[in-house]
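Q: If you're matching positions, the sequence shown starts at 0 in numbering that gives the first Met the number 0 and goes up one per residue.
Backbone N, C-alpha and C fix where the C-beta goes; we use that ideal spot for every residue, glycine too.
Below you will find the structure I want to go over with you.
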Amino acid sequence: MNHPTCWLSLSLFPTLALTVVGLMGSLALADEVSVQRYVTRYCLDCHSSDAPEGDIDLSQLHQTKDVAILFGAYDQTALHNMPPEETEQPSAKERAAFIRSLDGYLKTLGHDRTRQPGNGNLVDHALLFTEPAERKAATPSRIWRLDVDSFVQRARAITNQQNLFYDNRNNAKPVSFPYQTPDHTFLDFASVHAFDNSTTEMLLLETDLIVDQFMTRQWKRYEKQSRGDASRQWRSIFAAITGQPPSAEQLESLLELHARSQADLGEAVAHRITVKAILLRPNVLFRFELGAGEPDQHGRRYLSADEATVALGYAVDVAGPDTQLAGALKQCDLNDREQLRAILRPYLETDAMQARLLRFAHEYFEYPRAEEVFKDADKRDYHPQRLVEDADQFIVKILDQDRDVFRQWLTSREYYIRGMFNYTGTKIAPIRWENGYKDYHRNFNLPPDQVGKLPAWFAMPENERAGILTHPAWLLAFSDNEKNQAIQRGRWVTTKLLGGVVPDAPVEVDARLPEDDSLTLREKMHVTKASECIHCHRHMDPLGLPFEQYDLFGQFRTEEKEKPVVTTGKLWDNKVTGPIPYVTKLAESRQTKQVFLRHLFRFFMGRNETTDDAPTLIDMEAAYDESNGSLKATVLSLLTSDSFLYRTIDSATGTAS
């Protein structure tokens, strides 16, 4: 019991209990069960001064404000690690009330992890799908840095150079816009990305590249159109770059800058400096969502027409709003949600929107990570990028059908498989590996004579494959050089489908598995049952082990190390016997559907949900159900919700965030 991790898990509750009990006056407890009653009943028997478990006396810690301990208490409570299993357990209602009270206390200390990427699951799931007494959903006013892909698309549109930021090896992203969100989260999180000194320096260099291309490809066109009218020319350039015409003051400032630069540095340099000045304007690099007009009784203000155009435009297209959307929204009253839905519906059917939803699938399922996994094997048999492309086809086909999308993504057996190109006959001929995929059938356990030269759709055997979680691309994404990653697969299910929380492994814990080649992965994982590990691993391991049906290349198997492969696991305290019944149960659960909708919310909103967003999530679920599982109808519900259209002053800071 003296392991540091174990000490923390044992000491969290009494420390927190005495802390909160000593500060009851600062808490507004609306829960039926008070913090004092909870800790007295469930915690203090082990950690009071009369019976200090592990020789740890916590009776004098009632004044602590140790945030690390409080955060740990939150995690251990949410994970059901405390109170210990062998002691009396609180009801779900008692536990939820205690967690809410703890969350409130942490916020009084200025700490709210629920706003941070990766911590959205800390928000009480039951409250998110319970109709509140008042509907007051809104988003705090914010300034959102432009997404990497949006910046690239805008730069390409400005320069009319579609190969900008592209090389022959990959679609390179500009280095000055790095994503800073944690692993396994959505990349474009509004509150995370900013410009520091080094980022700004790199941005200036890349702006020079954009200016070079603009002067080469576009300048003459604007010069010709203006017919010598400088005001007209700079007005057109400003509108093209920023997406809106300049005000009189802005135009006057530009003309003055150009005149001064021309007098000091010459005409050619003045042209470049003025274009660069427009490119570095805040509304080129940021999305402003501050709200306008008088606030309602809940302090909410609608987005202005320009703000709504930008917010909705980037929601449906990574390149941002077009002139048609801007014109329609200027004439639209945001109170008229049916009119707004009519404006947006055509945009849901575009290729741009399909690309947005495919990106959501990429970041949600994470299967493109397969391309980053190196396998020390014959490269002729291993083409992860092609498997990812096949998985994309699987995702997109279901998107195009737009019916029962979530369940189909998890259970459909219709897989797209590229052909083996120059394969002929029943015998595989020796070929140059660069020219074909001679062993591609092996990834899907198909006989070589079943896969022809051309891509085709295959109905996979019902006992072998079902949905994206048994697709070789997803399985590869959660593997490494030498083995599967059952723990990481279980972590994905815990966080992405069940709405659970898994803390990072403490630095003092050795997270390596034994290097005994005679053991199966399941046998190696016996080390996770140690007292310092099991509290977290019991939430992951049983959820990842059913996928042991597949090897480290994603191929279906029945043996491992010449032993029958074991694929049993546990879901909601019930035994599951293999991957197919397992993913089927997940797909049929209302809870997993709701958690999926929570992730959809985060992707399009660029933030985590709060309990005030409950009406939005309730309406999203209703839209999904009433449309027979249409993802587009669900997104339309979100884009016309109060959460998307209203802004408030940030209650946590008193200012616009």
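Between the alpha carbons of S642 and P513, how many angstroms are there, rounded?
A: If I take the Cα positions, the gap works out to 48 Å.
Q: Check whether the stretch 109–120 and the stretch 178–189 touch, using three or more Cβ-Cβ pairs below 8 Å as the test.
A: Judged by Cβ distances under 8 Å, the stretch 109–120 makes contact with the stretch 178–189, as three or more pairs qualify.
Q: Assign Y301 to one of two classes, buried (16 or more other C-beta atoms within 10 Å of its C-beta) or exposed (fewer than that).
A: With 16 or more other Cβ atoms within 10 Å, it is buried.
Q: Hey, how far is the Cα of P471 from the Cα of S640?
A: Rounded to the nearest angstrom, the two C-alpha atoms are 37 Å apart.
Q: Leaving out five residues on either side along the sequence, give the residues of the same chain with a beta carbon under 8 Å from the beta carbon of V372.
A: Excluding sequence neighbours, V372 sits near P383, L475, A476, S478, D479, N480.
Q: Using CA atoms only, rank isn't needed, just tell me which of T566, Q296, V582 is closest to R412.
A: Checked all of T566, Q296, V582; the closest Cα to R412 is V582.
Q: For R286 and D403, what's the separation of their Cα atoms in angstroms?
A: Cα to Cα, R286 sits roughly 33 Å from D403.
Q: Give the list of continuous beta strand (DSSP E) stretches no shorter than 3 residues that lie fully inside the stretch 126–209.
A: With a minimum length of 3 residues, the continuous beta strand (DSSP E) runs that stay inside the stretch 126–209 are 141–144.
Q: Can you list, in chain order, the residues of its chain whose CB lies under 6 Å from that of A622, leaving out five sequence neighbours each side?
A: Within the same chain, A622 has close Cβ partners A632, T633, S636.
Q: With a cut-off of 8 Å on the beta carbons, I'd call G543 and I486 a contact; round off their distance for me.
A: So it is a contact: roughly 6 Å between Cβ atoms.
Q: Please report how far the alpha carbon of P345 lies from the alpha carbon of A307, in whole angstroms.
A: If I take the Cα positions, the gap works out to 17 Å.
Q: Spatial neighbours of K426 within its chain, please: C-beta separation below 6 Å, excluding the five flanking residues on both sides.
A: With a pLDDT of 46 at K426, under the threshold of 50, the modelled position of this residue cannot be trusted, and the question is left open.
Q: Give me the Cβ distance between L328 and L347, rounded to the nearest whole Å; I'm assuming they're in contact under 8 Å.
A: With 8 Å as the limit, L328 and L347 do not qualify as a contact, their Cβ atoms being about 16 Å apart.
Q: In whole angstroms, what is the alpha-carbon distance linking A154 and Q392?
A: Distance between the alpha carbons of A154 and Q392: 29 Å.
Q: Which of the three DSSP states, helix, strand or coil, is assigned to I416?
A: It is a strand residue.
Q: Please determine, among K482, F128, D540, the residue with the shortest C-alpha to C-alpha distance to D515.
A: The residue with the shortest Cα to Cα distance from D515 is K482.
Q: For the alpha helix (DSSP H) that contains E608, what are its first and last residues?
A: Taken as a continuous stretch (DSSP letters only), E608 belongs to no alpha helix (DSSP H), as it is neither H nor E.
Q: Which one of P173, E625, Q224 has the shortest CA to CA distance from E200?
A: The option with the nearest alpha carbon to E200 is P173.
Q: Which residue from I209, Q88, A77 puts its Cα closest to that of C42?
A: Taking only the C-alpha atoms, the option nearest C42 is Q88.
Q: Could you say which of Q590, A276, N196 lies nearest to G672 if we only look at CA atoms?
A: The chain is shown only over 0 to 656; residue 672 falls outside these bounds and no answer can be derived.
Q: Pick helix, strand or coil for F457, following the three-state DSSP scheme.
A: Strand at F457.
Q: Using C-beta distances below 6 Å, list every residue in its chain close to Y73, excluding the 5 sequence neighbours before and after it, in chain order.
A: If we look at Y73 and ignore the five residues flanking it on each side, its Cβ neighbours are L101.
Q: Take the Cβ of E133 as the centre, count every other Cβ of all protein chains shown within 10 Å, and call the residue buried at 16 or more, exposed below.
A: E133 should be labelled exposed.
Q: Hey, could you find the ends of the alpha helix (DSSP H) E561 is sitting in?
A: Careful: E561 lies outside any alpha helix (DSSP H) and carries neither H nor E.
Q: Quick check on this structure: which residue in I98, A136, T39 has the alpha carbon closest to the alpha carbon of N607?
A: For N607, the nearest C-alpha among the options comes from A136.
Q: If you count every other CB in all the chains shown that lies within 10 Å of the CB of S629, and 16 or more means buried, which is it?
A: When all chains shown are included, S629 counts as buried.
Q: Measuring alpha carbon to alpha carbon, tell me which of H538, S260, R144, V564 ends up nearest Y549.
A: Comparing Cα positions, the closest option is V564.
Q: Give every residue of the same chain whose Cβ lies closer than 8 Å to the Cβ of A125, excluding the five residues on either side of it in the sequence, and list them in chain order.
A: For A125, where only same-chain residues beyond five positions count, the Cβ hits under 8 Å are A95.
Q: Are there 16 or more other CB atoms within 10 angstroms of the CB of V268, so buried, or fewer, so exposed?
A: Looking at its Cβ environment, which holds fewer than 16 other Cβ atoms inside 10 Å, V268 is exposed.
Q: Can you round the beta-carbon distance between I416 and P454 to whole angstroms, since I take them to be within the 8 Å contact cut?
A: Confirmed, about 7 Å.
Q: So the candidates are R40, V210, A77, F70; which of them puts its Cα closest to the Cα of N279?
A: Checking the sequence shown, residue 279 turns out to be Leu, not Asn. Answer by Cα proximity: V210.
Q: Quick one: is S140 buried, meaning 16 or more other Cβ sit within 10 Å of its Cβ, or exposed?
A: Burial call: buried.
Q: Which residue marks the beginning of the alpha helix (DSSP H) containing Y581, and which one marks its end?
A: Y581 -> alpha helix (DSSP H) spans 578–587.
Q: In chain order, what residues of the same chain lie with their CB nearer than 6 Å to the CB of H361, ignoring the 5 residues before and after it?
A: Result list for H361: P367, in chain order.
Q: Look at A276 and L256 and say whether their C-beta atoms are less than 8 Å apart.
A: For A276 and L256, yes; Cβs fall inside 8 Å.
Q: May I ask you to report which of helix, strand or coil DSSP gives L551?
A: Here L551 sits in coil by DSSP.
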